[in-house]
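Taking it in order: structure first as structure tokens, then the write-up.
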Amino acid sequence: MMAGATSATAAFAAAAAASAKAHAACPWAVAAGGRRRSGVVVRCDAGGDAQAASKAASITALEQFKISADRYMKEKSSIAVIGLSVHTAPVDMREKLAVAEELWPRAIAELTSLNHIEEAAVLSTCNRMEIYVVALSWNRGIREVVDWMSKKSGIPASELREHLFMLRDSDATRHLFEVSAGLDSLVLGEGQILAQVKQVVRNGQNSGGLGKNIDRMFKDAITAGKRVRCETNISAGAVSVSSAAVELAMMKLPKSECLSARMLLIGAGKMGKLVVKHLIAKGCKKVVVVNRSVERVDAIREEMKDIEIVYRPLTEMYEAAADADVVFTSTASESLLFTKEHAEALPPISLAMGGVRLFVDISVPRNVGACLSEVEHARVYNVDDLKEVVEANKEDRVRKAMEAQAIITQELKRFEAWRDSLETVPTIKKLRSYADRIRASELEKCMQKIGEDNLNKKMRRSIEELSTGIVNKLLHGPLQHLRCDGSDSRTLEETLENMHALNRMFNLDTEKAVLEQKIKAKVEKTQS
């Protein structure tokens, strides 16, 4: 936090203290602050008097803020990502933080209700759980998100921080672009992550949860991901989590028995469907699929004619497991499907198959308990164990990643230029409002001098149109020099210089006005 922030915070603290005397029982929370801004909003569930006092205190705080926070207006809100992935945290931690897709809107609503978070998005997959935010204050916003993650998962914040990564602004944006391109995946270039990034946008559009900055960042990330796959050969020979799971099973089975092993798949979702596809590629001729309903299994059977697919309902899962040598699990179940007790109850596997039943669990949260490996005739592998498969061809992976980075850098520059260009929008609105106020004031004076009785409707309308036309003509040049799509860095730099010059000349004070608007929005949201 910048030096001198204490003065701004103190102003708000004083307002909060004044309000506390009126209703000492009401808790308060900081609503905006950090590098260049601070604020307090008083929360109270008491009656009308308490709410009125809270509102008055908030207004007082804003007024004091105008005086003490000028020096904190030189930076814009920070884009941040806080998360963990297969590279930083074990699966048992990731599954505690996993957020099902249908709960993304609720998570976004909770995150944006935090005092220093303006926008938010959640990207939760089997390999990562990442939260993208636009924060009024970097330090306080990060702290609030970490506390939210801790509360949701039940993991102490101190323990979480050992596994979390936190990136800011261009580093955060670059990370998302790399994720979308498959560069941060366990399997380099895998395509499923791009579909998952797209789903974040679709989910946000349906729920109205994504803000302007986050929405544009994710859409640009999709563009980057598509370009990397189209313009490089990063996807050539790339494997998915599902194909890596099949490969791992084949590595663990006796080579002479791979094609005769009895395969069981539990879950017929997208990843389960890919398991079937890769079993076909390995030459398997039969797979038993356990699923809640038969419709999805029928759809897979209709699409994939080269393998015999036998459907069994969920109620027959353990009977099916008893007849299987390899069990793949890929469901959205929140609880374990197989425990140590279940494995012990299953019949032994033939010595020809190694005498061990393989459980390959690609679900997060996990479907199979790690304790199964304590059973003599069972072994369990989860998504973290797939690293063994993807470590091959490491040099080729690095070379492909370097090719992709050039494209990501281009897309990153485009996004940052677009975000910089947004800075001129408040100035355009302020300048237009300033000119309209002068026009309206001078028009009223003119009308009074002429006298209302001396003007008919047509004359009055003509004078109003004349005043509006003069203002529009005068503003045309300055406003043209404030408009920029961010595609050219030189033009953008000139535009920003023009913006600062107009702010000084007309004393528009747009940065403070924008911040006050954000704080007021937080105040209103908190009080509601």
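Taken in order, the sequence shown gives residues 1 to 528; the numbers are from UniProt numbering.
Glycine is no exception: its CB is placed at the ideal position from the N, C-alpha and C atoms.
Quick caveat, the model's predicted, so the values are computed rather than measured.
Whole-Å CB distance - residue i paired with residue j, under 8 Å assumed
i	j	result
V134	S77	5 Å
I222	V201	7 Å
L97	M149	6 Å
G83	E130	3 Å
A261	V360	Actually they do not touch by this definition, with Cβ atoms about 12 Å apart.
V145	I117	7 Å
L248	D385	7 Å
E404	L114	The sequence shown places Ala at residue 404, rather than the Glu named in the question. Wrong, their Cβ atoms sit about 34 Å apart, outside the cutoff.
Environment of residue i [buried if 16+ CB atoms lie within 10 Å]
i	result
E344	exposed
V246	buried
N206	exposed
L259	exposed
I193	buried
E452	exposed
L466	exposed
M263	buried
D147	exposed
H278	buried
S421	buried
E416	buried
N233	exposed
Beta carbon of residue i nearer than 8 Å to that of residue j
i	j	result
D330	G269	As written in the sequence, residue 330 is Ser, which differs from the Asp given in the question. Yes, the Cβ-Cβ distance between S330 and G269 is below 8 Å.
residue 530	M217	Limits of the chain in this structure are 1 at one end and 528 at the other, which puts residue 530 out of reach.
T468	R437	no
R366	V197	no
G267	I108	no
N127	V86	yes
V389	A244	yes
E411	A224	yes
V383	I362	yes
A322	P347	yes
First through last residue of the beta strand (DSSP E) which encompasses residue i
i	result
P313	308-313
F289	According to the sequence displayed, residue 289 carries Val and not Phe. Here the beta strand (DSSP E) through V289 covers 286-291.
G83	78-85
residue 545	Absent from the structure is residue 545, since the part of the chain shown begins at 1 and ends at 528.
V122	117-124
L358	357-361
E130	128-135
A378	378-381
R366	R366 -> no beta strand (DSSP E), and no H or E assigned at all.
V246	Run containing V246: none in the beta strand (DSSP E); it sits in the alpha helix (DSSP H), 241-252.
Extent of the continuous alpha helix (DSSP H) to which residue i belongs
i	result
N507	Careful: N507 lies outside any alpha helix (DSSP H) and carries neither H nor E.
L265	Run containing L265: none in the alpha helix (DSSP H); it sits in the beta strand (DSSP E), 263-266.
E144	138-153
R461	457-480
T112	104-112
L194	192-207
F218	212-231
Within-8 Å CB hit, residue i to chain C
i	result
D184	This model lacks chain C altogether; it includes just one protein chain.
- Query: Is there contact between the stretch 171-181 and the stretch 135-142, where contact requires at least three CB pairs shorter than 8 Å?
  - Reply: no
- Query: On the three-pair Cβ rule with 8 Å, is the stretch 224-237 touching the stretch 143-161?
  - Reply: no
- Item | Stretch-stretch touch, CB-based, cutoff 8 Å, three pairs: the stretch 354-363 with the stretch 250-269 | yes
- When the Cβ atoms of the stretch 418-432 are set against those of the stretch 181-192, are three or more pairs found closer than 8 Å? no
- Query: Is the stretch 283-296 touching the stretch 307-317, taking contact as three or more C-beta pairs under 8 Å?
  - Reply: yes
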